[in-house]
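In my numbering, the protein residues as written are 61 to 672.
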């Protein structure tokens, strides 16, 4: 065993060490080539990213110049069309024309938004103001009946009539929409946000809002930008209009926006609201690279260094200063990504192949070692078997020779001669049984042993066996008993196989059934019937629980140097070939081997197997 272990270790060392070295060389062979490819790709990516930064900065400068020029032109047109408080409707057209740059606002000198309108109109100067106040007071007190409705509709000033009607019909949006339909839009706009909120709650009212939105009427209603955004959504404004309104909402909430301003007249300022990344987005939409490279732009508040940095596997980025502030440029080279993926896949496949090779080698080594161990064990068992066969044959032969010499002595009288003859006959039977075991074992190994079950009498077989073994038992000081059921005990078995099984069981009891477990005299008992079963009992020490699994295995001997380790295994195989079974009964008073055989057909139930 130590030599086999040493040879296995040397074999593993001589095979795995070169395999490991070759694997390492294989993995390292492509490293310089990949490093050079990465360096070349990064150099080109750095050069192209620098060019991109320059192009984008130029595009931003041009974009800023265009925005300044167009805003100045819009202010000039507004000065010509809106001298001192004329209608502000032209701003809707200008706002749509400059939608690609941002959203327009007209702001007064005191900061109030003139367009889109921010503050409500003051209607207290109108002659009917007092009557309107009475209607509003009645509504506040819960008076929304016919009297309040008639008072609201009797007002002559359109703006007051619209506002009073909305107050009375606040919970009847559909009716209010019908009454507001003939009113001029400037009157609805002068009434403030309440009419628009009421119109947004009815089907007919939403149609009126949609018509007003197309004409730019929603921008002249005094409201917050958040509220106006909701009206535009209800009026199904287009995407560009909603985007411009989103800029105004962001400005109202204090969000950061780029603002370009040009003076109009009377201290009023025309303001252009631009997103900080709008120019970046337009530059991003322009193809800048001639090959497979992805570029992204994003405003950044980080440290602006201007140095190009790389992150694995194929990404370069730089924080560059522009006229719009810091912008992060990120470029990903798809060619380098494919190269890295291919290299990683090749590395993985190489590692997998090496791993499988090592696994095959280790598996082969384990199988070879297992085969060698099995062969070594088989050789050891064969040598022990031959030695045991020689010993087992020598014992009965020696006894036969001795008793033959005694029988040849003329001085031996008749009774003694008969006694010596019985012992010689028993030893001959024992020797014959041993030789038959060897022949049966060889026949079973070659598949030539044929079992031919037939009806047999177990009672007679047990009596014949007891009579044959009685001289040997008396010589060894063992009491041999036979407890046989009266009459015949029929069973279905091969007579030769049955004789061999019973002989082996009796030999096993005679060999291992001493000393008695209770300290009394040694005894062996043969018991059978009335069912088709036979038990061989002895008073010996029994079989330990840990050894019972090995008891019926070939060449397994529980007591070193005694027996062939073949009898019980052969007996079980013969019993199973006859259709029965042989097993050890767990009993605290005796060692019991029980043989159960198939019954002869058409027997009464009381003679079936297993009956006591």
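No residue lacks a Cβ here, since even glycine has one placed at the ideal position from N, Cα and C.
With residue i and residue j assumed to form a contact (beta carbons below 8 Å), what rounded beta-carbon distance in angstroms separates them?
i	j	result
residue 43	residue 294	Residue 43 cannot be examined here, being either before or after the span of the chain that is shown, 61 to 672.
residue 573	residue 599	6 Å
residue 563	residue 525	7 Å
residue 539	residue 583	4 Å
residue 330	residue 138	6 Å
residue 196	residue 227	6 Å
Suppose you measure from the CA of residue i to the CA of residue j; what does that come to, to the nearest Å?
i	j	result
residue 311	residue 211	41 Å
residue 130	residue 178	25 Å
residue 462	residue 658	43 Å
residue 318	residue 243	39 Å
residue 418	residue 406	18 Å
residue 171	residue 371	48 Å
residue 669	residue 437	With a pLDDT of 44 at residue 669, under the threshold of 50, the modelled position of that residue is not reliable, and the figure given next carries that caveat. Approximately 40 Å, taken between the alpha carbons.
residue 262	residue 307	28 Å
residue 117	residue 368	16 Å
residue 643	residue 495	24 Å
residue 530	residue 440	37 Å
residue 256	residue 200	20 Å
residue 654	residue 550	16 Å
residue 379	residue 112	12 Å
residue 326	residue 209	43 Å
residue 292	residue 125	31 Å
residue 633	residue 410	53 Å
residue 422	residue 613	31 Å
residue 106	residue 156	41 Å
residue 672	residue 592	For residue 672, the predicted structure reports a pLDDT of 44, less than 50, and the residue's modelled location is therefore unreliable. The matter cannot be settled from this model.
residue 467	residue 481	7 Å
residue 251	residue 141	26 Å
residue 386	residue 360	5 Å
residue 578	residue 651	12 Å
residue 238	residue 265	8 Å
residue 388	residue 358	5 Å
residue 206	residue 173	39 Å
residue 253	residue 133	32 Å
residue 608	residue 586	22 Å
residue 280	residue 268	15 Å
The alpha helix (DSSP H) with residue i in it runs from where to where?
i	result
residue 197	189–200
residue 223	218–228
residue 293	285–294
residue 238	233–240
residue 213	206–213
residue 248	245–250
residue 255	253–259
From what residue to what residue does the beta strand (DSSP E) around residue i run?
i	result
residue 378	375–382
residue 516	514–517
residue 266	Premise fails: residue 266 lies in the alpha helix (DSSP H), 263–274, not in any beta strand (DSSP E).
residue 655	651–656
residue 371	369–371
For residue i, is the classification buried or exposed, using 16 other Cβ atoms within 10 angstroms of its Cβ as the cut-off for buried?
i	result
residue 99	exposed
residue 194	exposed
residue 575	exposed
residue 656	buried
residue 628	buried
residue 70	exposed
residue 286	exposed
residue 631	buried
residue 393	buried
residue 546	exposed
residue 213	exposed
residue 597	buried
residue 544	buried
residue 565	buried
residue 674	A query on residue 674 cannot be resolved here, the shown segment of the chain reaching from 61 to 672 and no further.
residue 459	buried
residue 165	buried
residue 316	exposed
residue 221	buried
residue 162	buried
residue 301	buried
residue 61	Bear in mind that a pLDDT of 45 at residue 61, under 50, signals an unreliable position, so the model cannot answer this.
Using a Cβ-Cβ distance cut-off of 8 Å, determine whether residue i contacts chain C.
i	result
residue 467	Although the question refers to chain C, the structure presented lacks it and comprises just one protein chain.
Task: Sequence ranges, alpha helix (DSSP H) only - wholly within the region 121–184, length at least 4 - done: 150–157
TODO: Can you check the region 304–338 for any beta strand (DSSP E) of at least 3 residues that lies completely inside it and give the ranges in chain order?
DONE: 318–323, 329–334
- [ ] Return the chain-ordered ranges of every beta strand (DSSP E) run that is complete within the region 557–641 and spans a minimum of 3 residues.
- [x] 583–588, 593–598
Open item on the list: Please give the ranges of any alpha helix (DSSP H) in the region 528–557, keeping only runs that are unbroken, at least 4 residues long and fully inside the region.
Closed with: none
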